Amino acid sequence: MGLNLAQKIIKEHLVSGEMVPGTEISIRIDQTLTQDSTGTMAYLQFEAMGIDRVKTKKSVAYIDHNMLQSGFENADDHKYIQTVTNKHGIYFSRPGNGICHQVQLERFGVPGMTLLGSDSHTPTGGGLGMLAIGAGGLDVAVAMGGGAYYLMMPKVLKVNLVGKLRPWVTAKDVILEVLRKLSVKGGVGKVVEYAGEGVASLTVPERATITNMGAELGATTSIFPSDETTRAFLKAQGREQDFVELKPDADCTYDEEITIDLSALEPLAAKPHSPDNVEEVNNIGKIKVDQVAIGSCTNSSFVDMMKVAKILKGKTVHPDVSLVISPGSKQVLTMLAENGALADMVAAGARILESSCGPCIGMGQSPKTDAVSLRTFNRNFEGRSGTVSAQVYLVSPETAAVSAITGVLTDPRELGEAPSVSMPSEFLANDNMVTPPAPEGNDVEVVRGPNIKPFPLNTELPENVIGKALIKVGDNITTDHIMPSNAKLLPFRSNVPYLSEFCLTPCDPEFPKRAQENKGGFIVGGSNYGQGSSREHAALAPLYLGIKAVLAKSFARIHMANLINSGILPLVFENEADYDTIDMMDELTIAHAQEQIKAGDKIVVKNLTKNREYVTILTVSDRQKEMLYAGGLINFIKKANA
Ligand code: MIC
Ligand code: SF4
1 MGLNLAQKII
11 KEHLVSGEMV
21 PGTEISIRID
31 QTLTQDSTGT
41 MAYLQFEAMG
51 IDRVKTKKSV
61 AYIDHNMLQS
71 GFENADDHKY
81 IQTVTNKHGI
91 YFSRPGNGIC
101 HQVQLERFGV
111 PGMTLLGSDS
121 HTPTGGGLGM
131 LAIGAGGLDV
141 AVAMGGGAYY
151 LMMPKVLKVN
161 LVGKLRPWVT
171 AKDVILEVLR
181 KLSVKGGVGK
191 VVEYAGEGVA
201 SLTVPERATI
211 TNMGAELGAT
221 TSIFPSDETT
231 RAFLKAQGRE
241 QDFVELKPDA
251 DCTYDEEITI
261 DLSALEPLAA
271 KPHSPDNVEE
281 VNNIGKIKVD
291 QVAIGSCTNS
301 SFVDMMKVAK
311 ILKGKTVHPD
321 VSLVISPGSK
331 QVLTMLAENG
341 ALADMVAAGA
351 RILESSCGPC
361 IGMGQSPKTD
371 AVSLRTFNRN
381 FEGRSGTVSA
391 QVYLVSPETA
401 AVSAITGVLT
411 DPRELGEAPS
421 VSMPSEFLAN
431 DNMVTPPAPE
441 GNDVEVVRGP
451 NIKPFPLNTE
461 LPENVIGKAL
471 IKVGDNITTD
481 HIMPSNAKLL
491 PFRSNVPYLS
501 EFCLTPCDPE
511 FPKRAQENKG
521 GFIVGGSNYG
531 QGSSREHAAL
541 APLYLGIKAV
551 LAKSFARIHM
561 ANLINSGILP
571 LVFENEADYD
581 TIDMMDELTI
591 AHAQEQIKAG
601 DKIVVKNLTK
611 NREYVTILTV
621 SDRQKEMLYA
631 GGLINFIKKA
641 NA
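Residue numbers for the sequence shown follow the working numbering, beginning at 1 and rising by one.
Rendered as structure tokens:
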């Protein structure tokens, strides 16, 4: 029987395991990417492994998140990353060169290759036909050292695209529709593979918008075939030699399938506070808008920006709206500057930000109290904008630009004829802001400023795991709750002791203090615990606070892997109703933890306060069990090399 595209690439890269969904496999990684807010940890961990040079085909370190430089901390991190990458054979994309996913797509992505990135939106590369997966920094560090990447063999869900998008309806609306259908949990354990006659009508950046937001489905990754459209994109980037055609076998099968009729879609918006809370813009109505933010790794391509510029040309942004625009890369920004589109944006009153993540991760531009903010980004979790009371809606660049002019949420079709922008036959390809590594790294001195603190290490799993339930939270807790990131905290990504003081504070400001006073304990969570980003700080800060296990109804993929890498037990209630019987400060115990883990996947947790027993499931491989005994991946590697 034939293979679908995801299976083909996995087969080609398989190092261990059988391609049976739900069982552990490992794959060879061709390319890696890091960004600065997860990168410092990843490189500290890489250094701890004692490997001289990276062993991948290409590894790139981007500086794109942590750009405000409101103190020395960010700049310290940048210098550390610049020097450590220079030493160890990694390309360095300087601040100003653009958002990692946009630049990787433009300049480095290769169809059919595997890409592992320390950022959850790494699947953007799926728009080029890559198997591009987001992971914690430690997994990326291991991959840079030539180690395989371990994951559960995913199921493959086919999204059959039929028809063609109508004017003003965009790739963003496609992925919002998929999110509406499948929810933020609908992709867990799956690769989302796009197929069908509708694929051909979508450009590579449009495909990338769709695969980018596959992260919001909780999917392992998302992927499009590589076809003549892909060839044309690579050719326009001066990289036709990187093209290979890739498609599923004609007789392949899929584990699941849904169909999206592109021609039936309308402009959509994800309403506060979840990317799957989707409704037609028209139905939501003309709510007053205070801020419009256009950019992010989802929607900051050249064509997106050109459409925005055409909509804004000759108009003025509504007096009650602040419009900010961040073009995704130096390539995009330079092209807009050269063809005059940038002038049209500025003349209309747009505030131009540098090519970086910016407001998407709360690095500036937090809206006013109770503001309605329309964003072309991918996440609208409560508080992520930096303003807890803000109401963030996720929309297409077209809906955003039109609404910026009218001052109310507006279905862009009201503007009349849609702007026509075609893909350029040649992009401005200039990699002068990517510094190649030193040919020999031995003499390079790695610069570590005072903000760079060692990362915390766990200790071996104790015989009995004992502690209190230090916090109990509900469903869909995001990594933005567990380890908030904003302009005040992002500069401390290489300082876990400081960050830990803010761990889970959006849920309960007293949590860090309580954890410290009790010398650690347990976290109790609902379903999809840890959804969102790849930041392993959401595991490292709890580790620093002495958290030994998280009991939840279910976990998000990357966070669960990060917990295991940190030696924290991710336990799933066999009976969800047990969740209701635990209260904060209940005394919990896992007796003979190692023996229980060795014996199978059922772990009994005793609630001494309530005199109850909970059966929990620990879905881990034998390799991960060893990691848990050792107290995390680094200790496991050290033990193996001793
Ligand atoms: C995000 O969009 O949440 C981030 C910031 O890019 C994160 C990475 C991080 O926390 O540094 C992600 O998506 O993985
Ligand atoms: Fe940056 Fe936002 Fe993309 Fe994360 S989602 S990589 S913060 S632009």
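A virtual CB, placed ideally from N, CA and C, is assigned to each residue, including glycine.
Quick caveat: nothing in here was measured; it's all calculated off a predicted structure.
Hey, how far is the Cα of leucine 14 from the Cα of glycine 416?
Working through the sequence shown from its first residue, we reach residue 14 at position 14. Working through the sequence shown from its first residue, we reach residue 416 at position 416. Leucine 14 and glycine 416 have their C-alpha atoms spaced approximately 51 Å apart.
For the ligand MIC, which residues have a Cβ under 5 Å from at least one heavy atom, in chain order?
Qualifying residues, in the order they occur: Ser37, Thr38, Asp119, Ser120, Ile361, Ser533, Ser534 and Arg535.
Mind checking which residues open and close the beta strand (DSSP E) that includes tyrosine 149?
As a working note, residue 149 is residue 149 in the sequence shown. DSSP places tyrosine 149 inside the beta strand (DSSP E), whose first and last residues are 149-152.
Residues in the same chain with beta-carbon distance under 6 Å from arginine 180, minus the five sequence neighbours each way, listed in chain order, please.
For the purposes of this step, residue 180 is identified with residue 180 of the sequence shown, where counting begins at 1. Val278.
Is DSSP giving arginine 623 helix, strand or coil here?
Looking up residue 623 in the sequence shown gives position 623. Note: arginine 623 maps to helix in three-state DSSP.
Classify glycine 117 as helix, strand or coil using the three-state DSSP reduction.
Residue numbering aside, residue 117 sits at position 117 when the sequence shown is read from its first letter. Strand, per DSSP.
Expressed to the nearest angstrom, what Euclidean distance is found between the alpha-carbon atoms of isoleucine 25 and aspartate 276?
Position 25 of the sequence shown, counted from the first residue, corresponds to residue 25. Position 276 of the sequence shown, counted from the first residue, corresponds to residue 276. In a straight line, the C-alpha of isoleucine 25 is about 30 Å away from that of aspartate 276.
Contained beta strand (DSSP E) runs [length at least 3] in the region 533-621, N- to C-terminal order:
Restricted to the region 533-621, the beta strand (DSSP E) segments that are unbroken, complete and at least 3 residues in length are 547-552, 569-573, 587-590, 602-607 and 612-617, listed in chain order.
Whole angstroms are fine: how far does the CA of serine 274 sit from the CA of serine 389?
As a working note, residue 389 is residue 389 in the sequence shown. As a working note, residue 274 is residue 274 in the sequence shown. Their Cα atoms are separated by approximately 14 Å.
CA-to-CA distance, glutamine 104 to glutamine 639, given in whole angstroms
On the sequence shown, residue 639 is found 639 positions in, with the first residue counted as 1. On the sequence shown, residue 104 is found 104 positions in, with the first residue counted as 1. The sequence as given places lysine at residue 639; glutamine does not occur at that position. Going by the C-alpha atoms only, they are around 35 Å apart.
Would the C-beta of histidine 481 count as close to the ligand SF4, meaning under 8 Å from any of its heavy atoms?
Locating residue 481 in the sequence shown gives position 481, where the first residue counts as 1. Result no, Cβ not under 8 Å from the ligand SF4.
Roughly how many whole angstroms lie between the Cα atoms of valine 444 and alanine 438?
Residue mapping note: residue 444 aligns to position 444 of the sequence shown, counting from 1. Residue mapping note: residue 438 aligns to position 438 of the sequence shown, counting from 1. Rounded to whole angstroms, valine 444 to alanine 438 spans 8 Å at the Cα level.
May I ask whether a heavy atom of the ligand SF4 can be found less than 8 Å away from the beta carbon of phenylalanine 502?
If you number the sequence shown from 1, residue 502 lands on position 502. Closer than 8 Å to some heavy atom of the ligand SF4: that does not describe the Cβ of phenylalanine 502.
Does the beta-carbon distance from valine 162 to glycine 198 come in below 9 Å?
Here residue 162 refers to the residue found at position 162 of the sequence shown. Here residue 198 refers to the residue found at position 198 of the sequence shown. Yes, the pair counts as a contact, with Cβ atoms nearer than the cut-off.
With 9 Å as the threshold, decide whether the Cβ of lysine 164 is near any Cβ in chain B.
Judged by its chain identifiers, the structure shown contains no chain B, having just a single protein chain.
Proximity test, serine 296 beta-carbon vs the ligand SF4 heavy atom, cut-off 8 Å:
As a first step, residue 296 must be located in the sequence shown, where it is residue number 296. In this structure, the C-beta of serine 296 approaches the ligand SF4 to less than 8 Å from one of its heavy atoms.
Look at the alpha carbon of proline 359 and the alpha carbon of asparagine 299, and state the distance between them as a whole number of angstroms.
Counting from one through the sequence shown, the residue named residue 359 turns up at place 359. Counting from one through the sequence shown, the residue named residue 299 turns up at place 299. Approximately 13 Å between the Cα atoms of the pair.
Extent of the continuous beta strand (DSSP E) run through threonine 221:
Numbered from its first residue, the sequence shown carries residue 221 at position 221. Start and end: 221-223.
Could you give the first and the last residue of the continuous alpha helix (DSSP H) run that contains valine 496?
Taking the first residue of the sequence shown as position 1, residue 496 is located at position 496. Secondary structure note for valine 496: its alpha helix (DSSP H) is the uninterrupted segment 496-500.
Any heavy atom of the ligand SF4 closer than 8 Å to the Cβ of asparagine 4?
By one-based count along the sequence shown, residue 4 stands at place 4. In terms of side-chain proximity, the C-beta atom of asparagine 4 is found no nearer than 8 Å to any non-hydrogen atom of the ligand SF4.
Does at least one heavy atom of the ligand SF4 sit under 8 Å from the Cβ of phenylalanine 381?
Working through the sequence shown from its first residue, we reach residue 381 at position 381. No; taking the cut-off as 8 Å, the Cβ of phenylalanine 381 has no heavy atom of the ligand SF4 nearer than that.
Rounded to whole angstroms, what's the CA-CA distance from asparagine 565 to leucine 571? Just pull it up for me.
As a first step, residue 565 is located in the sequence shown; it is residue number 565 there, counting from the start. As a first step, residue 571 is located in the sequence shown; it is residue number 571 there, counting from the start. So the two alpha carbons sit approximately 14 Å from each other.
Can you check whether the CB of alanine 208 is closer than 9 Å to the CB of leucine 128?
Numbered from its first residue, the sequence shown carries residue 128 at position 128. Numbered from its first residue, the sequence shown carries residue 208 at position 208. Between leucine 128 and alanine 208, the gap from beta carbon to beta carbon is short of 9 Å.
Per the DSSP calculation, glycine 521 is bridged to which residue(s)?
Counting from one through the sequence shown, the residue named residue 521 turns up at place 521. In the DSSP assignment, the residues bridged to glycine 521 are Lys468 and Ile547.
For the region 371-425, which segments carrying the alpha helix (DSSP H) assignment without a break, of at least 4 residues, lie completely within its bounds, in sequence order?
Counting only runs of 4 or more, we get 397-406.
Cα-Cα separation between leucine 540 and glycine 328, rounded to whole angstroms:
Translated into positions along the sequence shown, residue 540 becomes position 540. Translated into positions along the sequence shown, residue 328 becomes position 328. Using only the alpha carbons, I get a separation of about 30 Å.
Beta strand (DSSP E) containing glutamine 31: first to last residue?
Indexing the sequence shown from 1 puts residue 31 at position 31. Residues 31-34.
Going by DSSP, which residues form a beta bridge with lysine 58?
On the sequence shown, residue 58 is found 58 positions in, with the first residue counted as 1. Under DSSP, lysine 58 takes part in a beta bridge, and its partners are Gln31.
Just to confirm the assignment: which complete beta strand (DSSP E) runs, minimum length 3, are found wholly within the region 237-307?
Segments of the beta strand (DSSP E) lying fully in the region 237-307: 256-261, 268-270, 278-280 and 291-294.
State the DSSP-derived secondary structure class of arginine 514, mapped to helix, strand or coil.
For the purposes of this step, residue 514 is taken as residue 514 along the sequence shown, with counting starting at 1. In the structure shown, arginine 514 adopts helical secondary structure according to DSSP, grouped into three states.
For arginine 376, I'd like the list of residues in its chain whose CB is within less than 6 Å of its CB, leaving aside the five on either flank, ordered along the chain.
Here residue 376 is taken as the residue at index 376 of the sequence shown, counted from 1. Here residue 376 turns out to be threonine, not arginine, going by the sequence shown. So the qualifying residues of the chain are Ile294, Asn299, Pro397 and Ala400.
Which one or two residues does DSSP pair with tyrosine 529 in a beta bridge?
Locating residue 529 in the sequence shown gives position 529, where the first residue counts as 1. Bridge partners of tyrosine 529: Phe555.
Cβ of glutamine 35 within 8 Å of any heavy atom in the ligand SF4?
Taking the first residue of the sequence shown as position 1, residue 35 is located at position 35. Answer for glutamine 35: yes, Cβ within range of the ligand SF4.
Excluding the five sequence neighbours on either side, which residues of its own chain have a C-beta within less than 7 Å of the C-beta of proline 412, listed in chain order?
Position 412 of the sequence shown, counted from the first residue, corresponds to residue 412. Here the set comprises Trp168, Pro267, Glu398, Thr399 and Val402.
Give me the Cα-Cα distance between glutamate 240 and proline 436, rounded to the nearest whole angstrom.
As a working mapping, residue 240 is identified with position 240 in the sequence shown. As a working mapping, residue 436 is identified with position 436 in the sequence shown. Rounded to whole angstroms, glutamate 240 and proline 436 show a C-alpha spacing of 21 Å.
Quick check on phenylalanine 427: does DSSP put it in helix, strand or coil?
What you label residue 427 is simply residue 427 of the sequence shown in a count that begins at 1. Under the three-state reduction of DSSP output, phenylalanine 427 falls in the coil class, being neither helix nor strand.
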